[in-house]
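Asker:
Number of protein chains: 2
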Amino acid sequence: MTIQNQAEIISIGTEILMGEITDTNANYLVTQLRLLGVEAGRITAAGDDRTQLTEVFRQALARTDLIIATGGLGPTDDDLTRECLAEALGEPLTLNDQLEEELRAYFMRTHREMPLNNLRQAMLIPSGKGIPNPRGTAPGWWVEKDGKIIVLIPGPPREMLPMWQNEIKPRLEKKFAGRIVLTRTLKVYGLGEAKVNEMIAPFFQLANPTLGIYAKPDGIHLRLIARGPEAAGLIGVTERQIREILHNNIWGQDEETLPGIIGKLLGERGLKLAIFDDGTRGIISSLLSQVEGSATYYSGGLMTTTDEVKITMGISSTLLAKHAAVSAEVAEAMAAVVQKEFRADIGLSITGIGGLDDEKSTSGECYIGIVDAQGIVNYQQKLLPHRDNMRNLAAIAALFRLRQRLLEG
Amino acid sequence: MTIQNQAEIISIGTEILMGEITDTNANYLVTQLRLLGVEAGRITAAGDDRTQLTEVFRQALARTDLIIATGGLGPTDDDLTRECLAEALGEPLTLNDQLEEELRAYFMRTHREMPLNNLRQAMLIPSGKGIPNPRGTAPGWWVEKDGKIIVLIPGPPREMLPMWQNEIKPRLEKKFAGRIVLTRTLKVYGLGEAKVNEMIAPFFQLANPTLGIYAKPDGIHLRLIARGPEAAGLIGVTERQIREILHNNIWGQDEETLPGIIGKLLGERGLKLAIFDDGTRGIISSLLSQVEGSATYYSGGLMTTTDEVKITMGISSTLLAKHAAVSAEVAEAMAAVVQKEFRADIGLSITGIGGLDDEKSTSGECYIGIVDAQGIVNYQQKLLPHRDNMRNLAAIAALFRLRQRLLEG
Numbered sequence: 012m013t014i015q016n017q018a019e020i021i022s023i024g025t026e027i028l029m030g031e032i033t034d035t036n037a038n039y040l041v042t043q044l045r046l047l048g049v050e051a052g053r054i055t056a057a058g059d060d061r062t063q064l065t066e067v068f069r070q071a072l073a074r075t076d077l078i079i080a081t082g083g084l085g086p087t088d089d090d091l092t093r094e095c096l097a098e099a100l101g102e103p104l105t106l107n108d109q110l111e112e113e114l115r116a117y118f119m120r121t122h123r124e125m126p127l128n129n130l131r132q133a134m135l136i137p138s139g140k141g142i143p144n145p146r147g148t149a150p151g152w153w154v155e156k157d158g159k160i161i162v163l164i165p166g167p168p169r170e171m172l173p174m175w176q177n178e179i180k181p182r183l184e185k186k187f188a189g190r191i192v193l194t195r196t197l198k199v200y201g202l203g204e205a206k207v208n209e210m211i212a213p214f215f216q217l218a219n220p221t222l223g224i225y226a227k228p229d230g231i232h233l234r235l236i237a238r239g240p241e242a243a244g245l246i247g248v249t250e251r252q253i254r255e256i257l258h259n260n261i262w263g264q265d266e267e268t269l270p271g272i273i274g275k276l277l278g279e280r281g282l283k284l285a286i287f288d289d290g291t292r293g294i295i296s297s298l299l300s301q302v303e304g305s306a307t308y309y310s311g312g313l314m315t316t317t318d319e320v321k322i323t324m325g326i327s328s329t330l331l332a333k334h335a336a337v338s339a340e341v342a343e344a345m346a347a348v349v350q351k352e353f354r355a356d357i358g359l360s361i362t363g364i365g366g367l368d369d370e371k372s373t374s375g376e377c378y379i380g381i382v383d384a385q386g387i388v389n390y391q392q393k394l395l396p397h398r399d400n401m402r403n404l405a406a407i408a409a410l411f412r413l414r415q416r417l418l419e420g
Numbered sequence: 012m013t014i015q016n017q018a019e020i021i022s023i024g025t026e027i028l029m030g031e032i033t034d035t036n037a038n039y040l041v042t043q044l045r046l047l048g049v050e051a052g053r054i055t056a057a058g059d060d061r062t063q064l065t066e067v068f069r070q071a072l073a074r075t076d077l078i079i080a081t082g083g084l085g086p087t088d089d090d091l092t093r094e095c096l097a098e099a100l101g102e103p104l105t106l107n108d109q110l111e112e113e114l115r116a117y118f119m120r121t122h123r124e125m126p127l128n129n130l131r132q133a134m135l136i137p138s139g140k141g142i143p144n145p146r147g148t149a150p151g152w153w154v155e156k157d158g159k160i161i162v163l164i165p166g167p168p169r170e171m172l173p174m175w176q177n178e179i180k181p182r183l184e185k186k187f188a189g190r191i192v193l194t195r196t197l198k199v200y201g202l203g204e205a206k207v208n209e210m211i212a213p214f215f216q217l218a219n220p221t222l223g224i225y226a227k228p229d230g231i232h233l234r235l236i237a238r239g240p241e242a243a244g245l246i247g248v249t250e251r252q253i254r255e256i257l258h259n260n261i262w263g264q265d266e267e268t269l270p271g272i273i274g275k276l277l278g279e280r281g282l283k284l285a286i287f288d289d290g291t292r293g294i295i296s297s298l299l300s301q302v303e304g305s306a307t308y309y310s311g312g313l314m315t316t317t318d319e320v321k322i323t324m325g326i327s328s329t330l331l332a333k334h335a336a337v338s339a340e341v342a343e344a345m346a347a348v349v350q351k352e353f354r355a356d357i358g359l360s361i362t363g364i365g366g367l368d369d370e371k372s373t374s375g376e377c378y379i380g381i382v383d384a385q386g387i388v389n390y391q392q393k394l395l396p397h398r399d400n401m402r403n404l405a406a407i408a409a410l411f412r413l414r415q416r417l418l419e420g
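Here the protein sequences line up with chains A and B, keeping their order. Mapping to our numbering: the first sequence position 256 is 267, numbers consecutive. Mapping to our numbering: the second sequence position 30 is 41, numbers consecutive.
See below:
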């Protein structure tokens with residue numbers, strides 16, 4: 012089948028409009044649709060209001076051939092999704108024997124009596140089919156009419172996700188079988204978005220694969236999406252060309268993360284890491300610890316914000332007096348101290364407390380020190396001042412340098 | 012002024028429809044509007060497409076008197092929000108001298124040359140006024156026409172949030188001055204959502220104030236919203252009744268955070284805190300450091316995941332052999348060690364590495380130790396196992412206990 016227009020997502024529930032819950036379904040569904048080669052043209056969140064919701068369906072039906080709607084399929088009087096879609100399509104809503112049977116079986120299985128209200132969930136329209144919901148009482152709806160597909164899915168993610176994966180995605184995959192869609196994400200660090208944009212400008216003009224650029228906490232992400240039977244070849248050629256241009260600034264791809272890559276490198280080599288942190292205040296640690304099994308290679312470390320404690324921990328007071336805490340010399344000394352004290356193979360340090368604590372006065376300067384079997388190095392890192400996420404940026408900088416050093420070693 | 016209909020939120024950007032970013036602005040804005048006594052009737056996410064976006068504005072203008080739109084105000088050719096609103100309102104878009112001047116001043120201040128494209132951000136329509144944006148190049152728009160208000164705000168939250176708080180919220184407050192709406196959020200720790208629900212069940216039936224309950228990372232939040240001239244009295248009575256029931260489990264209210272409360276208590280008393288962290292892996296540190304000026308009372312600490320390093324840092328090997336790392340005794344010893352080594356007034360520790368690292372095998376048990384001038388205490392903390400945010404929960408538990416101890420002292 013061909014989708015003439017972009018798909019639309021409708022998220023239903025007054026609780027979304029009240030701010031009581033954040034609509035995470037829509038983001039999940041547009042991402043999933045993209046992997047099927049289908050773009051979304053609009054997301055609408057509407058309340059449990061009969062007039063409004065019917066209008067939302069009517070307008071969407073006039074624009075698109077594929078509507079995915081979640082929510083409003085509960086048993087209570089303010090769950091109006093079924094009624095409103097029926098009205099927008101001009102079809103009668105009647106009790107469906109099979110759905111009623113399945114609903115009664117669900118209540119039997121969960122040893123509960125079925126309130127009369129739940130019968131609302133067994134209602135259906137002539138052009139619709141029920142979609143089984145093993146996790147709840149609300150069946151989904153699969154409607155095909157006049158070349159259009161409308162899918163209704165319960166709103167709670169624990170019901171929505173398995174219904175999408177097990178029932179809806181496979182059906183849509185069959186419908187869109189002709190579309191092969193491949194994606195490749197390249198992750199870049201050390202260059203600003205504008206600079207990356209400029210360096211690979213011509214590739215943004217490509218129609219297949221398309222190229223997108225996104226500023227993320229861990230740097231710039233480039234996403235290639237290729238379609239059609241030649242997708243693998245097309246994406247491969249463009250990826251190679253971009254890699255030649257951005258070279259060492261690309262640190263990972265697809266699902267890779269900096270802490271994950273570092274964990275893999277350390278794990279393979281049986282190396283242990285310790286950190287002396289005066290700059291990110293625990294953020295490097297919490298990032299590294301998000302990787303499962305990180306305790307096997309990450310031994311922990313020291314965190315302090317004062318010269319006094321640094322001296323207690325073994326940093327020379329003469330060195331501190333001569334160079335000040337935010338300096339290449341002190342960063343190197345900190346890396347050496349934590350490597351020794353924590354009996355680690357690699358000591359990583361970051362300075363920058365004075366600067367990074369008070370964003371108004373900072374120059375954004377910090378130093379990263381690394382000690383390993385090859386010796387001791389430091390990197391000066393200039394962060395954009397006046398950013399409220401400077402400590403995060405500093406942590407990413409330290410992780411990037413550590414990865415770089417591990418690859419050199 | 013009166014809003015005849017519900018307000019509408021429009022979130023603009025193809026990256027939302029591609030699933031590249033989750034739209035968090037809409038949730039923030041509907042919550043904020045509620046505090047002004049304004050309900051939202053619809054949220055629409057639309058892409059950077061001239062025809063579609065103009066249609067979205069036209070339809071919203073036909074339905075509502077208040078539109079808040081975010082995104083699409085950047086300098087590039089695919090930032091079309093200004094053009095589309097101008098077209099929907101039938102007004103010409105022209106370069107505004109004052110906005111241009113402010114834009115040039117922004118680039119001067121940040122020592123950059125202004126690309127010609129940025130002039131797009133100085134365009135305005137006759138019924139619009141610019142809203143200053145100290146955090147970026149895109150001014151907001153405040154448009155009043157035919158009794159309707161349309162506000163345009165840049166999409167990035169770090170620009171959106173201060174513009175909302177400092178510029179837009181105060182103006183809307185003035186417009187809606189007749190509506191008295193008061194809110195009070197009570198923050199609860201140590202009781203599950205179902206338990207809290209049960210304890211204060213009757214209050215959920217109230218019409219004014221209304222009561223909402225929300226599970227948040229730092230515990231359960233209860234939100235009271237009262238309307239009308241009697242709002243202050245109504246909210247006060249209910250708040251007192253709920254406080255009597257939940258008592259010491261309420262740790263804060265409204266904008267208060269655990270790290271903020273702890274910072275205030277430590278700051279007032281001139282006390283310094285150090286942490287020995289074997290459980291949250293840096294998360295306590297990063298939470299405490301989110302408070303401005305935390306370096307004055309938070310001295311840092313030690314983080315380790317192994318017995319070996321604990322022994323190097325001064326924990327007795329006999330103690331470790333006798334009680335194991337995750338024990339009340341070792342938690343107390345860790346608190347004492349870090350208090351001494353970091354010359355702090357208060358030593359806080361948390362154990363639990365074995366359990367918290369491998370979520371499959373854990374019992375969820377951890378211990379929190381606190382040493383202060385009054386002596387040494389420990390708290391056993393049982394966390395729900397198999398939760399993907401156990402380290403966060405452990406950090407909140409440690410902060411809650413520290414607050415409790417500071418209030419007792």
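No residue lacks a Cβ here, since even glycine has one placed at the ideal position from N, Cα and C.
In the DSSP output, which residue or residues are listed as bridge partners for E155/A?
Answerer: Paired residues: I160/A.
Asker: Are the beta-carbon atoms belonging to R53/B and Q63/A less than 9 Å from one another?
Answerer: Their beta carbons are under 9 Å apart, which means R53/B touches Q63/A by this criterion.
Asker: Just to confirm, is the Cβ distance from V349/B to A409/B under 9 Å?
Answerer: Cβ distance not < 9 Å, so V349/B and A409/B don't count as in contact.
Asker: Going by the DSSP bridge assignment, what does A226/A pair with across the sheet?
Answerer: Its beta-bridge partners are I231/A.
Asker: What first and last residue would you give for the beta strand (DSSP E) that runs through R53/B?
Answerer: Note, R53/B: beta strand (DSSP E), A51 to A57.
Asker: What residues from the region 71-84 of chain B come within 8 Å of chain A, judged by C-beta to C-beta, listed N to C?
Answerer: Result list empty, no residue passes.
Asker: Tell me which residues share the same chain as E155/A and place their Cβ nearer than 7 Å to its Cβ, disregarding the 5 neighbours each side in the sequence.
Answerer: S138.
Asker: Pair every Cβ in the region 83-95 of chain B with every Cβ in the region 145-154 of chain B, then say whether three or more of these pairs are closer than 8 Å.
Answerer: Counting Cβ pairs under 8 Å, three or more are found: they touch.
Asker: At a CB distance below 8 Å, what residues from the region 51-73 of chain B approach chain A? Give them in sequence order.
Answerer: Answer set for the region 51-73 of chain B: A51, G52, R53, I54, T55, A56, A57, G58, D60, Q63, V67 and Q70.
Asker: Going straight from the alpha carbon of I191/B to that of K185/B, what length do you get?
Answerer: Spanning the two alpha carbons is a distance of roughly 11 Å.
Asker: Any beta carbon from chain B within less than 9 Å of Y378/A's own beta carbon?
Answerer: No, because no Cβ of chain B sits closer than 9 Å to the Cβ of Y378/A.
Asker: Give the DSSP bridge partners of L135/B, in chain order.
Answerer: Per DSSP, T105/B.
Asker: Would R238/B count as contacting chain A if we go by Cβ distances under 9 Å?
Answerer: No, R238/B does not count as interfacial toward chain A.
Asker: With the cut-off set at 9 Å, would you say K198/B and I294/B are in Cβ contact?
Answerer: No, Cβ-Cβ distance for K198/B and I294/B is not below 9 Å.
Asker: Have a look at the DSSP bridge pairing and note the partners of L284/A.
Answerer: Paired residues: Y309/A and I357/A.
Asker: Between Q216/A and the rest of its own chain, which residues show a CB-CB distance below 8 Å, the 5 nearest in sequence each way excluded?
Answerer: Same-chain partners within the cutoff: there are none.
Asker: If you measure from the CB of A133/A, is any heavy atom of the ligand SAM nearer than 8 Å?
Answerer: With respect to the ligand SAM, the structure shown offers nothing to examine, as it has no ligands at all.
Asker: Touch check for the region 96-115 of chain A and the region 129-149 of chain A: three-plus C-beta pairs under 8 Å?
Answerer: Yes, since at least three Cβ pairs between the region 96-115 of chain A and the region 129-149 of chain A fall closer than 8 Å, the two stretches touch.
Asker: Given this structure, state the Cα-to-Cα distance separating G101/B from A73/B, to the nearest angstrom.
Answerer: Their Cα atoms are separated by approximately 14 Å.
Asker: Pull up the CB-CB distance for T316/B and M324/B, whole angstroms please, since I reckon it's below 8 Å.
Answerer: Contact flag wrong, Cβ pair sits at about 12 Å.
Asker: What does the Cβ neighbour count give for D88/B, buried or exposed, with the cut at 16 atoms within 10 Å?
Answerer: Counting Cβ neighbours within 10 Å, D88/B comes out exposed, since fewer than 16 surround it.
Asker: T268/B touches chain A at which residues, Cβ-Cβ below 7 Å?
Answerer: Per Cβ cutoff of 7 Å: no residues; T268/B is ~16 Å from chain A at best.
Asker: Closer than 9 Å, Cβ to Cβ, to anything on chain A: give me those residues from the region 284-300 of chain B, in chain order.
Answerer: Listed by position along the chain: A285, I286, D288, D289, T291, R292, G293, I294, I295, S296, S297, L298, L299 and S300.
Asker: Classify T194/A as helix, strand or coil using the three-state DSSP reduction.
Answerer: Of the three classes helix, strand and coil, the one that applies to T194/A here is strand, per DSSP.
Asker: Please determine if the region 219-233 of chain B and the region 172-179 of chain B are in contact, where contact requires at least 3 C-beta pairs separated by less than 8 Å.
Answerer: These segments do not touch.
Asker: I'd like the span of the beta strand (DSSP E) that includes I21/B, first residue to last.
Answerer: From DSSP, the beta strand (DSSP E) with I21/B extends over A18 to I23.
Asker: Since S360/A and A339/A should fall inside the 8 Å C-beta cutoff, what is the C-beta to C-beta distance between them, to a whole number of angstroms?
Answerer: No, S360/A and A339/A are not in contact; Cβ-Cβ is about 11 Å, not under 8 Å.
Asker: Output yes if chain B places a C-beta closer than 9 Å to the C-beta of R123/A; else output no.
Answerer: Not closer than 9 Å to any Cβ of chain B, the Cβ of R123/A fails to qualify, so no.
Asker: Determine the DSSP secondary structure at Y200/B, reduced to helix, strand or coil.
Answerer: Coil.
Asker: Below 8 Å, how does it come out for the region 380-392 of chain A and the region 156-166 of chain A: are there three or more Cβ pairs, yes or no?
Answerer: No, the region 380-392 of chain A does not touch the region 156-166 of chain A.
Asker: Going along chain B in order, which residues have a C-beta closer than 8 Å to the C-beta of S310/A?
Answerer: Neighbours of S310/A on chain B, chain order: T315, T316, T317 and V320.
Asker: DSSP has E376/A in a bridge; who is on the other side?
Answerer: BP columns for E376/A point to K393/A.
Asker: By the 8 Å beta-carbon criterion, what residues does the region 190-224 of chain A contribute toward chain B?
Answerer: Listed by position, the residues of the region 190-224 of chain A near chain B (Cβ gap below 8 Å) are G223.
Asker: Once the 5 residues before and after I326/A are set aside, which same chain residues still bring their CB inside 7 Å of it?
Answerer: These residues qualify, in order along the chain: V341, A344, M345 and V348.
Asker: I need the DSSP call for R238/B, collapsed to helix, strand or coil.
Answerer: Of the three classes helix, strand and coil, the one that applies to R238/B here is strand, per DSSP.
Asker: For R427/B and chain A, any beta-carbon pair shorter than 9 Å?
Answerer: With chain B covering 12 to 420 only, the question about residue 427/B has no answer from this structure.
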